[in-house]
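Mapping the sequence shown onto the UniProt record's numbering, position 268 (from 1) lands on 268, and the numbers just tick up by one.
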Amino acid sequence: MLRKAGLPRPYVESRPLEIVELELPDPGPGEVLVKVGAASLCRSDLSVVNGARVWPLPMVIGHEAAGTVAAVGRGVTGLVPGDDVVLVYLPQCGTCVRCRSGEAWLCDVGVAANSLGELLTGGTRLTLNGEPIHHHMGVAAFAEYTLVAEASAVKVPPGLAAADTCIFGCAVLCGAGTALNTAGVSDGESVAVVGLGAVGLSAVLGARVAGARRIVAIDRLETKLAAAMSLGATDAVVADDAAPGRIAGLVPGGVDHAIEASGTLEGFDLAAGLVRRGGTVTTLGLPGPGVSHDLGLAPLVARGITIRGSYLGSCVTHRDIPRFIELHQKGRLPVDKLVSHHIQLEDINTALDRLADGEALRQVIDF
């Protein structure tokens, strides 16, 4: 549980996340109690801890997890105890304008609930000696048990390892979803991916599934470039001042699609400079809320490029998670290779330091 954001590093010493025993009621109408099998750490979790993004506190954080349904509340129709589920960080209500328009990844109701640290069903359910504790993105995954709205849990086939399926709830949706849905990479096209964390590497996997003929992976770290090559990238380029020239030599005229997954202005500028005339730049890196860009409009018009933001990989969770799981089972989305560390819950502050240092991909907490 996080009581206060912005504590100094190293986190192994300041210990912003503490293990406590909370009160958890039985699931109410439309709610599901889940025994967490595995949860993984994402940079979005780090942004809560370091205060880059302000959330209501105290809060149980963690938004990427998988587990087994332990109990269901009245009115739950799609899940029963014993079902294996992946938890997703944006519950999609199915009834708001965006959901009814086919853009459930922009669900207004789910976003509003998340911003309050509440469930889609309204309010909080966790307490500590009677004090309300908020839920991170409707999931609150760093716990042995969590209570979520039914819309936050997607049923998956039995027998899959939770340590593999947990990352489908964020990294795979955001990365592979961006390549396949938002950017709409097609067979034979060329793609550049800037920033090779777990989400960027998932975008590499998505581009490969789409049939891209050339996938250029770009990062500052050689270890991440090597990981991208092992996952199907055709080229690896160090992100330095010479990168644009090297990539121009690989793909004369520019790539069809550039995917920015670094969350930095430098990464965005690099991506925008790599696309061909008429190409697309898709950004999903999500920098801090205070970061802005002075975008030159004349080159944007003259080059005819399209810039898109991608949230949740433009995924409808109950449609796309089963689709991605099937690809994983067929060996086409080997997302288990995105996991760099397995840890226990008591090691979570050490894991935060590792994440902040850029030394990890996905670190999975095994429960």
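A virtual CB, placed ideally from N, CA and C, is assigned to each residue, including glycine.
Here the structure is a predicted model, which is why all the values come from computation and not from measurement.
How would you call Thr234, buried or exposed, if buried means at least 16 neighbouring beta carbons within 10 angstroms?
Thr234 should be labelled buried.
Relative to the C-alpha of Val191, which candidate in Ala203, Ala198, Val199 and Asn181 has its C-alpha closest?
Distance from the Cα of Val191 is smallest, within the candidate group Ala203, Ala198, Val199 and Asn181, for Ala203.
Round the Cβ separation of Leu355 and Arg43 to the nearest angstrom and send it over; I've been treating them as touching at under 8 Å.
The beta-carbon separation of Leu355 and Arg43, rounded to 7 Å, stays under the 8 Å limit for a contact.
Which residues mark the beginning and the end of the alpha helix (DSSP H) in which Glu260 is found?
Glu260 -> not in any alpha helix (DSSP H); beta strand (DSSP E) instead, spanning Val255 to Glu260.
Helix, strand or coil at His134 [DSSP, three-state]:
Of the three classes helix, strand and coil, the one that applies to His134 here is strand, per DSSP.
Name the DSSP beta bridge partners of Lys35, please?
In DSSP, Lys35 forms a bridge with Thr68 and Tyr145.
With distances taken from CA atoms, which of Gly28, Leu7 and Pro27 is nearest Glu18?
The option with the nearest alpha carbon to Glu18 is Leu7.
Can you check which of these residues, Glu260, Val49 and Tyr145, is closest to Val12 by C-alpha distance?
For the residues Glu260, Val49 and Tyr145, the minimum Cα distance to Val12 belongs to Val49.
Quick one: is Glu150 buried, meaning 16 or more other Cβ sit within 10 Å of its Cβ, or exposed?
Per the 10 Å Cβ criterion, buried.
Pairwise C-alpha distance: Arg125 and Glu144
Approximately 15 Å, taken between the alpha carbons.
I'd like the list of long-range same chain contacts for Thr350, defined as Cβ closer than 6 Å, with 5 residues on each side in sequence excluded.
For Thr350, where only same-chain residues beyond five positions count, the Cβ hits under 6 Å are Val12.
Taking His342 as part of the beta strand (DSSP E), name the residues at either end of that continuous run.
Taken as a continuous stretch (DSSP letters only), the beta strand (DSSP E) holding His342 covers Val339 to Ile343.
Anyone know if the C-beta pair for Glu189 and Asp108 falls short of 8 Å?
Pairing Glu189 with Asp108 gives a Cβ-Cβ distance that is not under 8 Å.
Asp363 - DSSP class collapsed to helix/strand/coil:
The displayed chain sequence assigns Gln, not Asp, to residue 363. Three-state result, Gln363: strand.
Going by DSSP, name the residue or residues bridged to Asp240.
Under DSSP, Asp240 forms no beta bridge with any residue.
Measure the Cβ-Cβ separation of Ile321 and Phe142 and say whether it is below 8 Å.
Contact: no.
If you draw a straight line from the alpha carbon of Gly138 to that of Trp105, how long is it in whole angstroms?
About 15 Å.
Which same chain residues end up closer than 6 Å to Val364 when comparing Cβ atoms and leaving out the 5 residues on each side of it in sequence?
Excluding the 5 residues flanking it on each side, Val364 has same chain C-beta neighbours closer than 6 Å at Ala38, Ser40, Ala163, Val339 and His342, in chain order.
Starting from Ile307, follow the beta strand (DSSP E) in both directions and report where the run begins and ends.
Residues Thr306 to Gly309.
Leu106 by DSSP, collapsed to three states: which one?
Helix at Leu106.
First and last residue of the alpha helix (DSSP H) that includes Gly94?
Segment: none, Gly94 is in no alpha helix (DSSP H) and carries neither H nor E.
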